[in-house]
Each structure stands twice: as structure tokens, then as C-alpha cells.
Amino acid sequence: MKRQLQNGLFELLAIGLLVAQTTLDWTQATVQCWRRHPRACSALVYLFLTMAFCYQPSVGRWIGGFVMMSLPVAMLSGLVASLYLLRQNERLAGTVGLVWLVLTLPIGKRLFGYGNELPATVSAQALSVLSFNGECFNPAANTGIRTLRADIACFQEYAPNADLEKQYPDRLTRLTRFSGNRQVGLALFSQYPIVRQYGRIWKRGNAPDINGFLCADVAYGRDTVRVVNVHLWSMGVRVEQAYQAGRTGRLGRFFAELGDTFQRLKEGFDRRDEQIREVEQYVSGSRYPVIICGDFNETPFGYAYGKLRRNFRNAFEEAGEGFGFTLNRHPYCVRIDQQFFSPDWHVTSCRTLSGVTFSDHFPVMAQYILKKSLTRTPEVLAQR
1 MKRQLQNGLF ELLAIGLLVA QTTLDWTQAT VQCWRRHPRA CSALVYLFLT
51 MAFCYQPSVG RWIGGFVMMS LPVAMLSGLV ASLYLLRQNE RLAGTVGLVW
101 LVLTLPIGKR LFGYGNELPA TVSAQALSVL SFNGECFNPA ANTGIRTLRA
151 DIACFQEYAP NADLEKQYPD RLTRLTRFSG NRQVGLALFS QYPIVRQYGR
201 IWKRGNAPDI NGFLCADVAY GRDTVRVVNV HLWSMGVRVE QAYQAGRTGR
251 LGRFFAELGD TFQRLKEGFD RRDEQIREVE QYVSGSRYPV IICGDFNETP
301 FGYAYGKLRR NFRNAFEEAG EGFGFTLNRH PYCVRIDQQF FSPDWHVTSC
351 RTLSGVTFSD HFPVMAQYIL KKSLTRTPEV LAQR
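And the structure:
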């Protein structure tokens with residue numbers, strides 16, 4: 001018995017020494033590789049940190065926001081660095097870089113949608129939800145407004161519109177004075193009865209108070225569902241001015257705009273973090289199925305987006321098609337209008353309505369089905 005115990009201790013000691021020696025060898029190889037190829041290794045470290053931030057956005061606010069926003073650049077530089085290191089016979093570092101790139105692919109899925117299919121169980125009635133930043137609803141666009149029909153419609157930068165209000169029997173609005181007697185704010189329209197409601201407008205100081213969120217508990221057939229319309233802090237980034245200054249060679253103006261953009265982005269990351277915390281607190285532990293939609297003013301690699309995604313699914317990621325860009329102005333190729341939903345729902349489609357062009361945003365329309373209705377008989381599905 002004593003000999004067996006001694007043999008076991010010797011085996012554990014041998015394994016420990018082997019692990020220590022392997023770790024030391026890897027550390028020495030890493031240090032040597034870093035000395036020979038500092039730029040390539042730095043690119044891989046940057047890729048790893050960016051990937052870690054995107055999976056777990058726990059480091060505060062604007063720092064995490066800037067790092068996460070740069071993921072596409074980190075992926076491209078990481079790919080170039082990995083291939084370069086493999087070409088230089090740095091197989092360990094190059095292989096590690098490729099493994100990290102593979103691990104970022106699920107995050108990259110946030111950019112491109114592949115559609116979704118309804119489980120072949122029963123033909124259930126879908127709840128259509130529209131989200132749209134109407135840019136104060138140009139009165140000349142009444143024809144386009146009439147086409148925006150859904151079971152529930154959530155508008156940001158909404159100005160009162162009689163044609164639209166006639167289409168819905170129930171609504172919830174929070175408006176503030178924008179300029180003169182003009183009122184702008186948030187609106188939530190529903191074809192189903194709103195049984196409970198809550199609204200909050202965040203103060204901006206010197207700018208119009210147009211950001212906030214509305215929450216409506218909607219009687220949907222035999223169920224009650226909670227829909228949140230949110231408009232997070234607007235960045236006000238003047239991309240067009242920087243673009244024009246760069247084009248015309250006004251470098252002083254160009255760098256001034258870049259500095260201003262940095263400050264606006266920094267403030268935006270901080271503000272949106274605070275605001276999304278408040279929204280999360282309000283819907284946390286909801287006994288009702290939840291849909292959160294609106295203008296998030298952040299890309300899919302944003303800090304607030306990443307935090308909300310930990311507890312909710314994104315409709316475009318699950319059922320979108322293509323890139324789904326929602327901004328109808330510079331820089332165009334971004335998706336900042338989102339719809340999130342709790343696991344109680346199955347999303348069958350999520351589309352950017354790029355044919356509606358009277359605003360600087362495109363509307364987003366999604367179709368949802370309660371998962372429990374997929375196992376019900378048709379006669380108990382939600383009816384208007």
C-alpha cells in the first residue's frame with residue numbers, strides 16, 4: 001500500500017514537471033516569436049482581446065465599446081498575421097491565430113443573416129412588429145407612411161400623424177417639444193389592447209430630449225406580451241462633414257472632425273450603457289414574453305448590443321437576410337436599428353424595408369410566433 005502511494009506521488013510529480021516544462025517551452029517560444037515578429041504577434045493579441053470583449057462585454061463602457069466596434073479590423077489583421085507567421089515557419093503562433101479566428105465566426109454572424117424556417121409543427125398566427133426611426137415624419141411622405149402596417153408598430157423620432165394614428169385602435173406616446181410648437185418623441189401603436197404601460201424620456205441637457213423607452217403589456221389572444229420601444233442616446237456623429245473635409249484636402253478640418261467624432265462616440269458608449277441597464281432592469285424577470293426593438297445607435301459589435309444579447313436573441317441574427325443595413329445616409333453600411341426577443345418567441349423573418357426612403361433610417365419588420373403556440377391546437381392561437 002505504501003509503495004503504491006509512493007508510485008502515485010512520483011507519477012503526479014512527473015506529470016507536474018512535464019506540464020511545467022511544456023509551459024516554459026511555450027513561453028520561451030512565444031517570447032522568441034514576439035521578438036522576431038512583434039507586429040504580427042500584437043495583431044493576434046489584439047484579436048484575442050477583441051473577441052473576449054465581444055463574448056463577455058464586462059469591461060466598462062467606452063473602452064469596451066471602442067474595442068468591440070473594431071472587431072472587423074481585428075479579424076482582418078489577425079488573418080493576415082496568422083498567414084504571415086505560418087509562412088515564416090512560426091507554426092504554433094500561426095495555428096493559434098487561426099483557431100482564434102474560427103472562434104470569432106459566431107460573432108461575425110451578427111453581420112449577415114441567412115434567414116430562418118418555421119418548425120413544421122402547426123401553422124400558427126404570427127405577430128408582426130415594425131420598428132422605425134421616422135426622422136420626425138416628413139408630412140410630404142404620407143403615402144409611404146400608410147404602407148407601414150404591422151400588428152405592433154414602434155416609432156422613434158415620431159411626430160403626430162393623423163393618417164398613421166387612424167390605422168391603430170390603441171397607442172402609447174411620449175412626446176417632447178422639438179422646435180417651436182413641434183413635438184417629437186416615441187410612439188407605440190397596437191392592433192391589440194394595451195393593458196399596462198410605462199414610459200421614460202431621458203434628459204439630454206442642451207439637445208432635444210428625444211431618447212427614452214416605452215413599455216406596453218399587450219393582450220395578445222389568451223396571452224400577454226411585453227413590447228419595449230427604445231431609442232438609445234443619439235451619437236450625432238458628423239461623418240458627412242469628415243468625409244467632405246477629407247475629400248477636399250482640408251486636413252485640419254478633417255482631423256478636427258475625427259477628434260469630435262471620438263468624443264461623441266465616447267459619450268455615446270457611456271450613455272447607452274446607462275440606458276440599456278435601465279431597460280434591462282425593467283424587463284428583467286418579466287413573466288411575459290418580451291420583444292425589445294428600436295434605434296440602438298450602435299452596430300452589432302457595440303457594447304450595449306453585446307450586453308443585451310446575453311439575455312435576449314437578436315431577430316436579424318436569427319431570421320434576417322443579407323446585411324440588413326438600416327441607415328439611409330453616410331456611412332450607410334451599418335445596422336443600428338434592432339429587434340431583440342426573449343426565448344419564449346420563435347422569429348420567422350426579419351427584414352429591412354429599404355424601399356421606404358423618406359427617413360434617414362430604414363424600417364425593420366419582423367414576424368414572431370409564441371413557441372408554446374407551436375404545440376397548441378389551432379383554435380387556441382391568438383385572435384384579434
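So for the sequence shown, the UniProt record's numbering puts the first residue at 1; every next one is plus one.
We treat Cβ as the ideally placed atom computed from N, Cα and C, and that holds for glycine.
Just so it is clear, the structure is predicted and the values come from calculations on it, not from any experiment.
Lys372 to Asp344 span [Cα, whole Å]: Start at 1 with the first residue of the sequence shown, and residue 372 comes out as number 372. Start at 1 with the first residue of the sequence shown, and residue 344 comes out as number 344. Those two C-alpha atoms are separated by around 8 Å.
Whether Ala81 touches Ala43 by CB criterion (8 Å): To locate residue 81, count along the sequence shown from 1; it is residue 81. To locate residue 43, count along the sequence shown from 1; it is residue 43. When the beta-carbon positions are compared, Ala81 and Ala43 come within less than 8 Å of each other.
Own chain residues within Cβ distance below 7 Å of Arg149, not counting five before or after: Start at 1 with the first residue of the sequence shown, and residue 149 comes out as number 149. Closer than 7 Å at the Cβ level, and outside the excluded window around Arg149, lie Gln167.
At least three beta-carbon pairs within less than 8 Å, the region 314-331 to the region 253-263: At 8 Å Cβ cutoff, the stretches do not touch.
Under 8 Å between C-beta atoms of Phe340 and Thr352: Locating residue 340 in the sequence shown gives position 340, where the first residue counts as 1. Locating residue 352 in the sequence shown gives position 352, where the first residue counts as 1. No, the Cβ-Cβ distance between Phe340 and Thr352 is not below 8 Å.
Residue range of the beta strand (DSSP E) that includes Asp295: Here residue 295 corresponds to residue number 295 of the sequence shown, with the count starting at 1. Its beta strand (DSSP E) spans residues 290-295.
Beta-carbon proximity of Glu157 to Asn181, cut-off 8 Å: Counted from its first residue, the sequence shown places residue 157 at position 157. Counted from its first residue, the sequence shown places residue 181 at position 181. For the pair Glu157 and Asn181, the CB atoms are not nearer than the 8 Å cut-off.
Among Ala74, Arg91, Gln125, nearest to Leu105 - alpha-carbon criterion: Residue mapping note: residue 105 aligns to position 105 of the sequence shown, counting from 1. Minimum Cα distance to Leu105 is reached at Ala74.
Integer Cβ distance of Val129 from Tyr288, believed to fall under 8 Å: Here residue 129 is taken as the residue at index 129 of the sequence shown, counted from 1. Here residue 288 is taken as the residue at index 288 of the sequence shown, counted from 1. Not quite, the Cβ-Cβ distance comes to about 15 Å (not below 8 Å), so this is no contact.
Stretch-stretch touch, CB-based, cutoff 8 Å, three pairs: the region 187-202 with the region 219-237: Three or more Cβ pairs closer than 8 Å define a contact, and the region 187-202 meets that threshold against the region 219-237.
Extent of the continuous alpha helix (DSSP H) to which Glu157 belongs: What you label residue 157 is simply residue 157 of the sequence shown in a count that begins at 1. Element bounds for Glu157: not the alpha helix (DSSP H) but the beta strand (DSSP E), 152-158.
Met365 - DSSP class collapsed to helix/strand/coil: Locating residue 365 in the sequence shown gives position 365, where the first residue counts as 1. In the three-state reduction of the DSSP assignment, Met365 falls in the strand class, which pools E and B.
8 Å contact criterion, which Phe301 and Cys54 should meet: CB distance rounded: Stepping through the sequence shown from its first residue, residue 301 is reached at position 301. Stepping through the sequence shown from its first residue, residue 54 is reached at position 54. Confirmed, about 6 Å.
When Pro160, Tyr114, Thr147 are compared against Ser354, the one with the closest alpha-carbon: Residue mapping note: residue 354 aligns to position 354 of the sequence shown, counting from 1. It is Thr147.
C-alpha gap between Arg39 and Arg87, whole angstroms: Here the question's residue 39 lines up with position 39 in the sequence shown. Here the question's residue 87 lines up with position 87 in the sequence shown. Using only the alpha carbons, I get a separation of about 15 Å.
Outcome for residue 408 when other beta-carbon atoms lying within 10 angstroms are tallied against a minimum of 16: As shown, the chain starts at 1 and ends at 384. That puts residue 408 outside it, with no answer to give.
C-alpha distance - Pro77 paired with Ala207, whole-angstrom precision: Counting from 1 along the sequence shown, the entry for residue 77 is found at position 77. Counting from 1 along the sequence shown, the entry for residue 207 is found at position 207. Note on identity: in this sequence residue 77 is Ser, with Pro being the wrong assignment. Note on geometry: alpha-carbon atoms of Ser77 and Ala207 lie some 39 Å from one another.
Val364 versus Leu85: straight-line alpha-carbon distance, rounded: For this step, residue 364 is matched to residue 364 along the sequence shown. For this step, residue 85 is matched to residue 85 along the sequence shown. Distance from the CA atom of Val364 to the CA atom of Leu85, rounded to whole angstroms, is 43 Å.
Nearest-angstrom Cα separation, counted from His346 out to Glu135: The sequence position of residue 135 within the sequence shown is 135, counting from 1. The sequence position of residue 346 within the sequence shown is 346, counting from 1. Computed Cα separation, rounded: 30 Å.
Range covered by the beta strand (DSSP E) that runs through Cys215: Here the question's residue 215 lines up with position 215 in the sequence shown. 212-220 is the span of the beta strand (DSSP E), which, as asked, contains Cys215.
Per-residue DSSP class, three states only, for Cys333: Residue numbering aside, residue 333 sits at position 333 when the sequence shown is read from its first letter. Three-state result, Cys333: coil.
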